[in-house]
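In my numbering, the protein residues as written are 701 to 959. Even for Gly, the Cβ is constructed at its ideal location relative to N, Cα and C. Read the structure below first, then the notes.
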């Protein structure tokens, strides 16, 4: 009789344990074979090492030839100044333009029987641009001040040189892939699985899937716009520049399948 009671008690314990195990398995969904899409992000910051400065010269004159002659002379003089100040800089002239200037007040209305009179220019506006690309940022204020005796500063763009950006690309890829691994570990633990049970199926470094959004390869370089009046003084105060830094970013998407 006692043996029968013991057997019944043992059977009840086993049944209870089986019921608890079944409820636990029902509460936790099976994750074997689950495919998980994991977005990752990485970035690298570095001080800008290159500047692209745009100089300009513009002249107004009733005589188009006179305006063009002054532009040509000043552009040549300004180019020579920049070359002497920064021999390693890359120079490129661009955007030569000649526009007529018409009177602001429209002419008196003409009788209906006459054809409208063709407007006559009262002056001409002639100009040209000079692009200067340099990695000599320490001498940039001095170079700009020397050129401002003849030319105007139209804009400054600080960024990374192609050589430096190429070197930083390795760091950017490594940072992004490291972030992917960290997220896979976190997701595995949240799912009650071990990280080693996750098998990386696909890695999309372009982030081209609909799940990835728009990939931002690099932040826009720091821009600074300014207007400057040409001064013919012997000494031109040097302008102030802060090159700042650029952030290179990368997105990738990985597909992970759990064993």
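- Between residue 785 and residue 842 a beta carbon distance of about 6 angstroms is seen, short of the 8 angstroms cut, so the two are scored as contacting.
- Where residue 856 is concerned, the enclosing beta strand (DSSP E) starts and stops at 852-859.
- Listed as beta-bridge partners of residue 947 by DSSP are 745.
- As far as DSSP is concerned, residue 894 takes part in no beta bridge.
- Of the candidates 795, 755, 764, 735, 755 places its Cα closest to the Cα of residue 833.
- Residues 936 of the same chain have their beta carbon placed closer than 6 angstroms to that of residue 849, with the five preceding and five following residues left out of the count.
- Following the DSSP letters along the chain, one finds residue 800 inside the beta strand (DSSP E) bounded by residues 790-801.
- For residue 834, the pairing in a beta bridge is given by DSSP as 751.
- A direct Cα-Cα distance of roughly 16 angstroms separates residue 783 from residue 773.
- Annotated as proximal: residue 893 and residue 958, with beta-carbon spacing under 9 angstroms.
- Distance from the CA of residue 944 to the CA of residue 748, rounded to the nearest whole angstrom, comes to 6 angstroms.
- In the structure shown, residue 865 falls within a helical segment according to DSSP collapsed to helix, strand and coil.
- Within the DSSP secondary-structure output, residue 957 pairs in a beta bridge with 735, 899.
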